[in-house]
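Novice:
There are 2 protein chains.
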Amino acid sequence: MKFKVTILGSSSALPTTNRFQTAHAINIHERLFLIDCGEGTQIQMMRNNINFARLNHIFITHLHGDHIFGLYGLLSTLSLYNRTRELNIYGFSMLEYILNDFLKYFGSEFKYEIIFHAVNVRQQKLIYEDKNISIETIPLKHRVPCCGYLFREKVPELNIRKEMIGRYKLTLAEITKIKKGYDLMCEDGSIISNEKLTYKPYTPRSYAFCSDTEYSKKVADIVKDVDLLYHEATFTQNFMKMAKQTGHSTTIQAAEIAKQAKVKKLIIGHFSSRYKDLNPLLHEARSVFPETYIAKENDVFEIALEKFKE
Amino acid sequence: MKFKVTILGSSSALPTTNRFQTAHAINIHERLFLIDCGEGTQIQMMRNNINFARLNHIFITHLHGDHIFGLYGLLSTLSLYNRTRELNIYGFSMLEYILNDFLKYFGSEFKYEIIFHAVNVRQQKLIYEDKNISIETIPLKHRVPCCGYLFREKVPELNIRKEMIGRYKLTLAEITKIKKGYDLMCEDGSIISNEKLTYKPYTPRSYAFCSDTEYSKKVADIVKDVDLLYHEATFTQNFMKMAKQTGHSTTIQAAEIAKQAKVKKLIIGHFSSRYKDLNPLLHEARSVFPETYIAKENDVFEIALEKFKE
Chain A
4 MKFKVTILGS SSALPTTNRF QTAHAINIHE RLFLIDCGEG TQIQMMRNNI
54 NFARLNHIFI THLHGDHIFG LYGLLSTLSL YNRTRELNIY GFSMLEYILN
104 DFLKYFGSEF KYEIIFHAVN VRQQKLIYED KNISIETIPL KHRVPCCGYL
154 FREKVPELNI RKEMIGRYKL TLAEITKIKK GYDLMCEDGS IISNEKLTYK
204 PYTPRSYAFC SDTEYSKKVA DIVKDVDLLY HEATFTQNFM KMAKQTGHST
254 TIQAAEIAKQ AKVKKLIIGH FSSRYKDLNP LLHEARSVFP ETYIAKENDV
304 FEIALEKFKE
Chain B
4 MKFKVTILGS SSALPTTNRF QTAHAINIHE RLFLIDCGEG TQIQMMRNNI
54 NFARLNHIFI THLHGDHIFG LYGLLSTLSL YNRTRELNIY GFSMLEYILN
104 DFLKYFGSEF KYEIIFHAVN VRQQKLIYED KNISIETIPL KHRVPCCGYL
154 FREKVPELNI RKEMIGRYKL TLAEITKIKK GYDLMCEDGS IISNEKLTYK
204 PYTPRSYAFC SDTEYSKKVA DIVKDVDLLY HEATFTQNFM KMAKQTGHST
254 TIQAAEIAKQ AKVKKLIIGH FSSRYKDLNP LLHEARSVFP ETYIAKENDV
304 FEIALEKFKE
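Chains as they are written, first to last, in this note's numbering: chain A, 4 to 313; chain B, 4 to 313.
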């Protein structure tokens, strides 16, 4: 049961010779989600063996080109792959107009429908859920309407302790009830508590994507205790003023958010093209939050399954 | 005096892990021209150290996404580089609407103007000239309106043979006249013919870009005798039927055009993503036209200066 984040692009507005613009692919239990879609995302998906047919949901943080100009090519490629299944795209309302203009010129041969979901970027709100996961918006502070996305596994279904099946000669009907949380009533009238019969197979995992944003304490509240936080760090600390002016964060600010939120691991990215060597950014962030990692193209961050802890 | 073609993308509709979509950069006498602009063109320009500030003219062959989706990112990047000089874009008339829609959403901070030049794709016509070169359209046969572009150096200005300056004690005024083709009238009334005094410094060079197109004899007439011909060869010969259906050419067809036109060198490209190994395509084309080369990302084809031949 995977929970895996693949970095497709780590650059900010300007790409570099080896850094593409923003895009993350998230694989949770073999369901694929894409956050943002900078230019070259489809090539990066190919390079990372990401199955285009599995992609049904794309989440866009905001409408700056470096976060969406890869959509045109990706959507066209899905059509060339003969896609017929609908594709869900989530983002700020104006994206619908941009997509409609795109389809007007380039969508005449598309055999699949794009379902657009306008999200309210000012509220933390559930925008997607299925059996295993939920996705919420994270309001961010940028020059244009912008939100991040918070992916959480739901508390998994109870597992029966194998030895209990034989001991109490459990029927299928009983097993189904017990998995739902019921106690077992034995023939002699005694009651075996559900806790003795079951266990929670793993601790739900979580991933938060926060880009683009200036430093915002509210973000720390929303991403509290997540396993993996991606927070933009466009600049080193000496550019704090420029970060504020352009609606971005510094390394130290990203690390402060991670520290306040007590996350397990921080990934920083969305680096300004001025940085050839990213080590200074890493060192700055680690001075505040040691469990910081650099987002590099094709890096994979997997959150391991852990036994359930109360 | 350079005449240099850099391959930025060699793939057809679908990119691959190592092939970008169509774009060629042409450097003639340090003037930079771009033909087509598939997704990732700006990254490929960076990788090839192509100076964005030098780019003033972009030529678009047709309005399929794999030839233009890189425009969005490239135009935005020129804005981020604080461009103020106008940028000329040439292409089929509908491109103007696409560009205007793009600017409506993403151009609010642009400080430079885009001058759009609608080209008639059905006629061979001069669409650009300066002191040194001319550019003409090449009507092509594709599923949508489409033209190639023919770059020609003009016949260069005459050079004075150095030894003649001393022998006839030429004044600056005389040199200027002689360079324009005049004979020299000496004080004793004798006449020295211009031919004796001057030489043409080099043979004008030429490059033709033909993609996307099915096989068309008319193309061979237009590109007659060019030094370098880029002709698409999306398919191997066994896919001839599919080539015709989709408005593309095979290796053999591209090579036939080169042979009929008696060009010096042929580059084939716009390869279908089905081909991992491009050698079979090269071998097929060379069976008809030995001077064939494969377009590979970051390859440079330079046309050397040659002494003028009548």
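Here a beta-carbon is modelled for each residue, glycine too, at the ideal position from N, C-alpha and C. Just so we're clear, the structure is a prediction, and the values are computed from it rather than from any experiment.
Check for me: the alpha helix (DSSP H) holding A/H286 runs from which residue to which?
Specialist: 282-291 is the extent of the alpha helix (DSSP H) around A/H286.
Novice: What are the boundary residues of the beta strand (DSSP E) that includes A/G12?
Specialist: From DSSP, the beta strand (DSSP E) with A/G12 extends over 6-12.
Novice: Can you check which of these residues, A/A288, A/Y115, A/L17, is closest to A/S79 by C-alpha distance?
Specialist: Here the closest residue by C-alpha is A/Y115.
Novice: Does the Cβ of B/V158 have 16 or more other Cβ atoms within 10 Å, making it buried, or fewer, making it exposed?
Specialist: By the neighbour-count rule (16 or more Cβ atoms within 10 Å), B/V158 is not buried but exposed.
Novice: Kindly indicate the opening and closing residues of the beta strand (DSSP E) around A/T140.
Specialist: Where A/T140 is concerned, the enclosing beta strand (DSSP E) stretches over 136-142.
Novice: Ordered along the chain, which non-local residues of its own chain (more than five positions away) have a Cβ less than 6 Å from that of B/Y218?
Specialist: Hits under 6 Å: S252, Q256.
Novice: Classify A/I168 as helix, strand or coil using the three-state DSSP reduction.
Specialist: Note: A/I168 maps to helix in three-state DSSP.
Novice: Could you tell me whether any Cβ in chain A is nearer than 8 Å to the Cβ of B/S13?
Specialist: Chain A contact via Cβ: absent.
Novice: Would you tell me roughly how many angstroms separate the C-alpha atoms of A/H65 and B/Y84, rounded to the nearest one?
Specialist: About 22 Å.
Novice: Consult DSSP for B/M245 and reduce its assignment to one of helix, strand or coil.
Specialist: B/M245: helix per DSSP, three-state reduction.
Novice: Taking contact to mean at least 3 C-beta pairs separated by less than 8 Å, is the stretch 278-297 of chain A in contact with the stretch 231-242 of chain A?
Specialist: Judged by Cβ distances under 8 Å, the stretch 278-297 of chain A makes contact with the stretch 231-242 of chain A, as three or more pairs qualify.
Novice: Identify the contact partners of A/I101 in chain B, using a Cβ-Cβ distance below 8 Å as the criterion.
Specialist: Under the 8 Å cutoff, chain B gives Y108.
Novice: What are the residues of the stretch 42-65 of chain B that lie near chain A, defined by any Cβ-Cβ distance shorter than 7 Å?
Specialist: Of all residues in the stretch 42-65 of chain B, E42, G43, Q45, I46, M49, R50 have a Cβ within less than 7 Å of some Cβ in chain A.
Novice: Can you name the residues that DSSP bridges to B/C213?
Specialist: Bridge partners of B/C213: B/H234.
Novice: Got a sec: which bits of the stretch 18-29 of chain B sit with their beta carbon under 8 Å from any beta carbon on chain A, in order along the chain?
Specialist: So the list reads P18, T19, T20, F23, Q24, given in the order they occur along the chain.
Novice: Return the residue from the list A/D69, A/T20, A/N91 that minimises the CA-CA distance to A/L37.
Specialist: The shortest Cα separation from A/L37 among A/D69, A/T20, A/N91 belongs to A/N91.
Novice: Helix, strand or coil: how does DSSP classify B/T295 here?
Specialist: Reduced to three states, the DSSP call for B/T295 is strand.
Novice: Over what stretch of residues does the alpha helix (DSSP H) that includes A/E309 continue unbroken?
Specialist: Counting along the chain, A/E309 falls outside any alpha helix (DSSP H), and DSSP gives it neither H nor E.
Novice: Once the 5 residues before and after B/K144 are set aside, which same chain residues still bring their CB inside 6 Å of it?
Specialist: Cβ neighbours of B/K144 beyond the five flanking positions: T216, E217, S219.
Novice: Since A/L231 and A/K268 are thought to touch, with beta carbons under 8 Å apart, how far apart are those beta carbons, to the nearest angstrom?
Specialist: Yes, they are in contact, since the Cβ atoms of A/L231 and A/K268 sit about 5 Å apart, within 8 Å.
Novice: Is DSSP giving B/H65 helix, strand or coil here?
Specialist: Correct three-state label for B/H65: coil.
Novice: In the DSSP assignment, find the alpha helix (DSSP H) that holds A/I118 and state where it starts and stops.
Specialist: A/I118 -> not in any alpha helix (DSSP H); beta strand (DSSP E) instead, spanning 117-121.
Novice: Check whether the Cβ atoms of B/D302 and B/I46 sit closer than 8 Å, and answer yes or no.
Specialist: Against a cut-off of 8 Å, the Cβ pair of B/I46 and B/D302 comes out as no contact.
Novice: Among all the DSSP beta bridges, which residues are the ones paired with A/N28?
Specialist: Correcting the residue identity first, residue 28 of chain A is Ala in this sequence and not Asn. Answer is A/T9, A/L37.
Novice: Report the option in A/D191, A/G184, A/I138, A/E112 whose CA atom is closest to the CA atom of A/I29.
Specialist: Minimum Cα distance to A/I29 is reached at A/I138.
Novice: Using the C-alpha atoms, what's the distance from B/I178 back to B/D228?
Specialist: Taking the straight line from one Cα to the other gives about 33 Å.
Novice: Tell me where the alpha helix (DSSP H) around B/L83 begins and ends.
Specialist: First-last of the alpha helix (DSSP H) with B/L83: 74-83.
Novice: Whole-angstrom Cβ separation of A/F154 and A/I136, contact assumed at under 8 Å?
Specialist: Confirmed, Cβ separation roughly 6 Å.
Novice: Consider the Cβ of B/A298: report whether some Cβ of chain A lies at a distance smaller than 8 Å.
Specialist: No - not a single Cβ of chain A is within 8 Å of the one on B/A298.
Novice: Just to make sure I have the definition right: I need the residues of chain B whose C-beta is within less than 9 Å of the C-beta of A/G76. Which are they?
Specialist: In chain order: P18, Q24, G41, E42, G43, G68, D69, F72, G73.
Novice: Out of A/R208, A/N52, A/T20, which has the shortest C-alpha to C-alpha gap to A/K310?
Specialist: The shortest C-alpha separation from A/K310 is found at A/R208.
Novice: Classify A/T87: buried if its beta carbon has 16 or more other beta carbons within 10 angstroms, exposed otherwise.
Specialist: The residue is exposed, with fewer than 16 neighbouring Cβ atoms inside 10 Å.
Novice: Cutting at 8 Å between CB atoms, please list the residues of its own chain near A/D133, excluding the five before and the five after it.
Specialist: Same-chain partners within the cutoff: R34.
Novice: Are the C-beta atoms of B/L90 and some chain A residue less than 8 Å apart?
Specialist: Judged by the 8 Å Cβ criterion, B/L90 is not in contact with chain A.
Novice: Using the three-state DSSP reduction, which class does A/H60 fall into: helix, strand or coil?
Specialist: It is a strand residue.
Novice: Report yes or no: is there a C-beta of chain A within less than 8 Å of the C-beta of B/D104?
Specialist: Yes, because at least one Cβ of chain A sits closer than 8 Å to the Cβ of B/D104.
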